[in-house]
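Trainee:
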Amino acid sequence: MISVEKTSRVLNHFNIAFTESAVLSYLQHGQLEKSPRIENGYYSRNTKYGYSVNVDSLMNFLLNRGVTEKEIKVILSA
377 MISVEKTSRV LNHFNIAFTE SAVLSYLQHG QLEKSPRIEN GYYSRNTKYG YSVNVDSLMN
437 FLLNRGVTEK EIKVILSA
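Residue numbers (the numbering used here): 377 to 454.
In structure tokens:
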């Protein structure tokens with residue numbers, strides 16, 4: 377699970393989407409999958425959404441747009 381806010385920053389890094397609204401649109405259209413809300417740690421306290429983004433769907437989304445798995449792992453671990 378990854379927060380909507382962090383997903384927005386990841387997509388921004390790869391010049392795919394620049395706002396949280398874009399992430400919400402991808403979720404609404406089924407291009408990304410929702411996960412239960414993160415319930416512990418920093419992102420549970422600092423998110424305004426009641427759900428998060430499934431990391432596997434984000435990985436597939438980025439791979440389909442030509443991003444390498446190595447690049448994805450580097451940015452997700454940051």
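In this text, a Cβ means the ideal position worked out from N, Cα and C, and glycines have one as well.
Taking the C-alpha atoms as reference points, what is the distance between isoleucine 451 and histidine 405?
Mentor: Walking along the sequence shown from the start, residue 451 turns up at place 75. Walking along the sequence shown from the start, residue 405 turns up at place 29. Within the model, the alpha-carbon separation for isoleucine 451 versus histidine 405 is close to 24 Å.
Trainee: What is the residue span of the alpha helix (DSSP H) that valine 380 lies within?
Mentor: Position 4 of the sequence shown holds residue 380. Its alpha helix (DSSP H) spans residues 380–389.
Trainee: Beta-carbon within less than 6 Å of tyrosine 425's beta-carbon, same chain only, minus the 5 sequence neighbours each way: which residues are those?
Mentor: As a position in the sequence shown, residue 425 is number 49, starting the count at 1. Closer than 6 Å at the Cβ level, and outside the excluded window around tyrosine 425, lie Val380.
Trainee: Across which residues does DSSP place tyrosine 427 in a beta bridge pair?
Mentor: Walking along the sequence shown from the start, residue 427 turns up at place 51. Beta-bridge pairing links tyrosine 427 to Pro412.
Trainee: Where does alanine 398 sit, in a helix, a strand or coil, going by DSSP?
Mentor: Along the sequence shown, one-based indexing puts residue 398 at 22. If DSSP states are grouped into helix, strand and coil, alanine 398 belongs with the helices.
Trainee: Identify, in the order they occur along the chain, each residue of the same chain with its Cβ nearer than 7 Å to the Cβ of glycine 407, setting aside the five sequence neighbours on each side.
Mentor: If you number the sequence shown from 1, residue 407 lands on position 31. What sits at residue 407 in the sequence shown is glutamine, not glycine. For glutamine 407, where only same-chain residues beyond five positions count, the Cβ hits under 7 Å are Phe437.
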